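A.B. asks: Chains as they are written, first to last, in my numbering: chain H, 11 to 317; chain A, 11 to 317.
(1) Quick one: list the residues of chain H neighbouring residue 90 (chain A), beta-carbon separation under 7 Å, in chain order.
(2) Among A:84, A:282, A:300, A:284, whose alpha-carbon lies nearest the alpha-carbon of residue 290 (chain A)?
(3) How long is the line joining the alpha carbons of residue 222 (chain H) and residue 170 (chain H), rounded to whole angstroms?
(4) Identify every residue that forms a DSSP beta bridge with residue 206 (chain H).
(5) For the alpha helix (DSSP H) containing residue 124 (chain A), list its first residue and its last residue.
(6) Any C-beta of chain H within less than 7 Å: which residues of the stretch 72 to 88 of chain A qualify?
(7) Got a sec? Which residues, its chain only, sit under 7 Å from residue 111 (chain A) by beta carbon, not counting five neighbours each side?
(8) Given a cut-off of 9 Å on the beta-carbon distance, is the pair residue 270 (chain A) and residue 199 (chain A) in contact?
(9) Specify, as a first and last residue, the run of the beta strand (DSSP E) that residue 302 (chain H) falls within.
(10) Is residue 95 (chain H) helix, strand or coil by DSSP?
(11) If you measure from the beta carbon of residue 204 (chain H) to each beta carbon in chain A, is any gap under 9 Å?
(12) Should residue 231 (chain H) go down as buried or exposed, given a rule of 16 or more other Cβ atoms within 10 Å for buried?
(13) Identify which residue in H:174, H:308, H:136, H:288 has its Cα closest to the Cα of residue 263 (chain H).
(14) Can you tell me the Cα-Cα spacing of residue 33 (chain H) and residue 131 (chain A), whole angstroms?
(15) Starting from residue 1 (chain H) and walking both ways along the beta strand (DSSP E), at which residues does that stretch end?
(16) Would you mind reading off the limits of the alpha helix (DSSP H) that contains residue 42 (chain H)?
(17) When the cut-off is 9 Å and only beta carbons count, does residue 33 (chain H) lie next to chain A?
(18) Assign residue 303 (chain A) to one of two classes, buried (16 or more other C-beta atoms within 10 Å of its C-beta) or exposed (fewer than that).
(19) Kindly list, in the order they appear in chain A, the residues whose Cβ is closer than 9 Å to that of residue 101 (chain H).
(20) In three-state terms, what does DSSP make of residue 184 (chain A)?
(21) Is the stretch 39 to 52 of chain H in contact with the stretch 135 to 143 of chain H, if contact means three or more CB pairs nearer than 8 Å?
(22) Can you give me the Cβ contacts of residue 146 (chain A) inside the same chain, cut-off strictly under 6 Å, excluding the 5 residues immediately before and after it?
(23) State the DSSP-derived secondary structure class of residue 276 (chain H), mapped to helix, strand or coil.
(24) Excluding the 5 residues flanking residue 69 (chain H) on each side, which residues of the same chain have their C-beta closer than 6 Å to its C-beta?
(25) Smallest Cα separation from residue 257 (chain A): which of A:61, A:272, A:229?
(26) Beta-carbon of residue 137 (chain A) versus every beta-carbon of chain H: anything under 9 Å?
(27) So is residue 159 (chain H) buried or exposed if we call it buried at 16+ other beta carbons inside 10 Å?
(28) Is there a C-beta anywhere in chain A that falls below 9 Å from the one on residue 128 (chain H)?
(29) Mind listing the chain A neighbours of residue 117 (chain H)? Cutoff is C-beta to C-beta under 8 Å, in chain order.
(30) For residue 16 (chain H) and residue 152 (chain H), what's the separation of their Cα atoms in angstroms?
(31) Have a look at H:59, H:312, H:213 and flag the residue whose alpha-carbon is nearest the alpha-carbon of residue 143 (chain A).
(32) DSSP puts residue 168 (chain H) in a beta bridge; with which residues?
(33) Could you check what DSSP says for residue 28 (chain A) in three-state terms: helix, strand or coil?
(34) Along the chain, where does the beta strand (DSSP E) containing residue 214 (chain A) start, and where does it finish?
(35) Taking just the CA atoms, how far does residue 196 (chain H) sit from residue 298 (chain H)?
(36) If contacts are defined as beta-carbon pairs under 8 Å, then residue 225 (chain A) and residue 295 (chain A) qualify, I think. What distance do you get, rounded to the angstrom?
In structure tokens, the structure reads:
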């Protein structure tokens, strides 16, 4: 059973809550959406595990904290939400250094302060192996509706907020959650669907298309301009092409947005928003790459998968 | 550094959020309290770890799921809150049985359905050792204010909602979160402070007194009537007294309530609420046991501690 089959299995069983409590969107989006007190709440969690999402050989403790909270903030950005607060559970192996643990928290707190998103609670416990951090983020929508994965329409242009691939070389520990960009897009453009690129473009675009019941085509000519320098560096080591890294590498934490407006009609973008066109939404049920010589190749989810 | 010193360290650093967002109580209570859309939200998390909180040698997969969600529901009960929804993150070791994982979820979903508390989101990932489950619970207060640890007043009577000790024999896997009892107490009695007994009475009463800046005395004669049969069974194996088990064993998940009303003045209790008096709140800064022959013994936190 793959991870996504398991998520579907859960989804079929958990149902929707009764009457008064009004959960809007449940499992399957970046964050869950609830209506509460006449407003829209967002909530979701990400677990960050030593040996899976980071190792202290390549990450500083502060970077680990930054990543643990940043992953959730990136989910919030993809919903066009504002973070309200974070709940942090940590499991710490016996004999773990206090200094390192404090530095992990310093990394989280620094990022939390920048986004006015205090750590408001959590749990501490013992781990049998390695540091485990679970961050649950509570957010809200202010000035716009939550942007889901499911709203993409045929004809929408697909954009990313930054260059892709090779994140493992550094960016997965230092990325900036695009909270401001997510909200700006929702408030100024016909933004129909959005997701953050955590599993890799090939996987996450397939998620978005599946939730929106549509297909997509990526243009190699456009995508080539969205390949990061890190993808090129990494490609020299791996022997794969930079384009394959841009397609399949996880943890870019850029936003992928389906917008009902082509690049030629754009209003001026503010300095904190970058948009690179990479393709468009189609009626087909599949995700394809249109190569520079006009051939079509099917793009299957090939980013990182858990169990 | 002890767990509570670490929590204090975090608490001093995370601060309070700015203006509009209104977090009421931060780290240090059973759940964090936020004001949102004119209403009171509760949020908090508990991590449940194979080899620390359970083992599949003694727990069925459904009991593991029950415990993982039940721990959070018990926190919600201690705030006199109503659960709204749960976010469940799991980390699963390679090669873990799908059947077992589904049964863990079945245990959670069954309890979730009983409390109208759907699983609304979460995260799945890989663990390097053992199953790790983090549940983040979102709740609300309806018809009463949240009940904190910090409101106990000298003269309050201390009650527990059930018998204590020996939970490791079974109850830590099968306990019932006292959601209804918590709310009934808040709505019908002068309930000043409450906490759920997860670390053990000796520890959790010290937490409550510390947050309320007061002391407490437990009466051996009363406490003896609150000792569970399981504590007596366990005492025969360990050679400790049943009273020591009732004082120090963790994971009873009963509520400990400080109420401004002695047992002689009580209105009739509904069938789902049981209250056993065990002592009272004092002005002293310490927690003491008053033995049947009138001696006083200091009670220090001796329940389960992580790192």
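Quick reminder that beta carbons are idealized off the backbone N, C-alpha and C, glycines included.
All figures in this text were calculated on a predicted structure; none of them were measured in a lab.
C.D. replies: The answer reads as follows:
(1) Locating residue 90 (chain A) in the second chain gives position 80, where the first residue counts as 1. The contacting residues do not exist; residue 90 (chain A) stays about 17 Å from chain H at best.
(2) Position 280 of the second chain, counted from the first residue, corresponds to residue 290 (chain A). For residue 290 (chain A), the nearest C-alpha among the options comes from A:300.
(3) By 1-based counting over the first chain, the position of residue 222 (chain H) is 212. By 1-based counting over the first chain, the position of residue 170 (chain H) is 160. Looking at the two C-alpha atoms, the distance is approximately 18 Å.
(4) Taking the first residue of the first chain as 1, we reach residue 206 (chain H) at position 196. Beta-bridge pairing links residue 206 (chain H) to H:265.
(5) Within the second chain, residue 124 (chain A) is the residue found at index 114, counting from 1. It spans 108 to 124 - the alpha helix (DSSP H) in which residue 124 (chain A) sits, taken as one unbroken run.
(6) none
(7) Translated into the one-based positions of the second chain, residue 111 (chain A) becomes position 101. So the list reads 102, once near-sequence residues are dropped.
(8) By 1-based counting over the second chain, the position of residue 270 (chain A) is 260. By 1-based counting over the second chain, the position of residue 199 (chain A) is 189. Cβ distance < 9 Å, so residue 270 (chain A) and residue 199 (chain A) count as in contact.
(9) On the first chain, residue 302 (chain H) is found 292 positions in, with the first residue counted as 1. Run containing residue 302 (chain H): none; DSSP gives neither H nor E here.
(10) For the purposes of this step, residue 95 (chain H) is taken as the residue at position 85 of the first chain. Here DSSP, grouped into helix, strand and coil, assigns residue 95 (chain H) to strand.
(11) Taking the first chain and counting its residues from 1, one reaches residue 204 (chain H) at position 194. No, because no Cβ of chain A sits closer than 9 Å to the Cβ of residue 204 (chain H).
(12) For this step, residue 231 (chain H) is matched to residue 221 along the first chain. That one is exposed.
(13) The sequence position of residue 263 (chain H) within the first chain is 253, counting from 1. Taking only the C-alpha atoms, the option nearest residue 263 (chain H) is H:174.
(14) Translated into positions along the first chain, residue 33 (chain H) becomes position 23. Translated into positions along the second chain, residue 131 (chain A) becomes position 121. Reliability fails at residue 33 (chain H), whose pLDDT of 49 lies under 50, so the model's placement of it is uncertain and no value is given.
(15) Not covered by the structure: residue 1 (chain H). The range shown for chain H is 11 to 317.
(16) One-based indexing of the first chain puts residue 42 (chain H) at position 32. Taken as a continuous stretch (DSSP letters only), residue 42 (chain H) belongs to no alpha helix (DSSP H), being part of the beta strand (DSSP E) at 42 to 46.
(17) Within the first chain, numbered from 1, the residue matching residue 33 (chain H) stands at position 23. In this predicted model, residue 33 (chain H) has a pLDDT of only 49, less than 50, meaning its place in the structure is not dependable; the value taken from the coordinates is given anyway. Residue-level contact by beta carbon holds for residue 33 (chain H) and chain A, with a gap shorter than 9 Å.
(18) By one-based count along the second chain, residue 303 (chain A) stands at place 293. It is exposed - the Cβ of residue 303 (chain A) has fewer than 16 other Cβ atoms within 10 Å.
(19) Working through the first chain from its first residue, we reach residue 101 (chain H) at position 91. Those are 57, 59, 62, 142, 144, 316, listed as they occur along chain A.
(20) Along the second chain, one-based indexing puts residue 184 (chain A) at 174. Residue 184 (chain A): helix per DSSP, three-state reduction.
(21) Verdict: no, contact absent.
(22) Here residue 146 (chain A) corresponds to residue number 136 of the second chain, with the count starting at 1. Excluding positions up to five away in sequence, the list reads 55, 97.
(23) Locating residue 276 (chain H) in the first chain gives position 266, counting from the first residue. Residue 276 (chain H) falls in the coil class under three-state DSSP.
(24) Stepping through the first chain from its first residue, residue 69 (chain H) is reached at position 59. Answer for residue 69 (chain H): 183, listed in chain order.
(25) Start at 1 with the first residue of the second chain, and residue 257 (chain A) comes out as number 247. Here the closest residue by C-alpha is A:229.
(26) To locate residue 137 (chain A), count along the second chain from 1; it is residue 127. Taking Cβ atoms only, chain H reaches closer than 9 Å to residue 137 (chain A), which makes this a yes.
(27) As a working mapping, residue 159 (chain H) is identified with position 149 in the first chain. With 16 or more other Cβ atoms within 10 Å, it is buried.
(28) Walking along the first chain from the start, residue 128 (chain H) turns up at place 118. Output row for residue 128 (chain H): interface = yes.
(29) For this step, residue 117 (chain H) is matched to residue 107 along the first chain. Correct list: empty, because the minimum Cβ distance to chain A is about 12 Å.
(30) Within the first chain, numbered from 1, the residue matching residue 16 (chain H) stands at position 6. Within the first chain, numbered from 1, the residue matching residue 152 (chain H) stands at position 142. Computed Cα separation, rounded: 33 Å.
(31) As a first step, residue 143 (chain A) must be located in the second chain, where it is residue number 133. That would be H:59, whose Cα lies nearest to the Cα of residue 143 (chain A).
(32) On the first chain, position 158 is the one that residue 168 (chain H) refers to. According to DSSP, residue 168 (chain H) bridges with H:268, H:289.
(33) Along the second chain, read from residue 1 onward, the residue named residue 28 (chain A) stands at position 18. Note that residue 28 (chain A) has pLDDT 45, beneath the 50 cutoff, so the model's placement of it is unreliable and no number is given.
(34) Your numbering for residue 214 (chain A) matches position 204 in the second chain. Not the beta strand (DSSP E): residue 214 (chain A) falls in the alpha helix (DSSP H), residues 211 to 222.
(35) In the first chain, the residue the question calls residue 298 (chain H) occupies position 288. In the first chain, the residue the question calls residue 196 (chain H) occupies position 186. So the alpha carbons of these two residues sit roughly 26 Å apart.
(36) Position 215 of the second chain, counted from the start, is the residue given in the question as residue 225 (chain A). Position 285 of the second chain, counted from the start, is the residue given in the question as residue 295 (chain A). 5 Å between Cβ atoms; contact.
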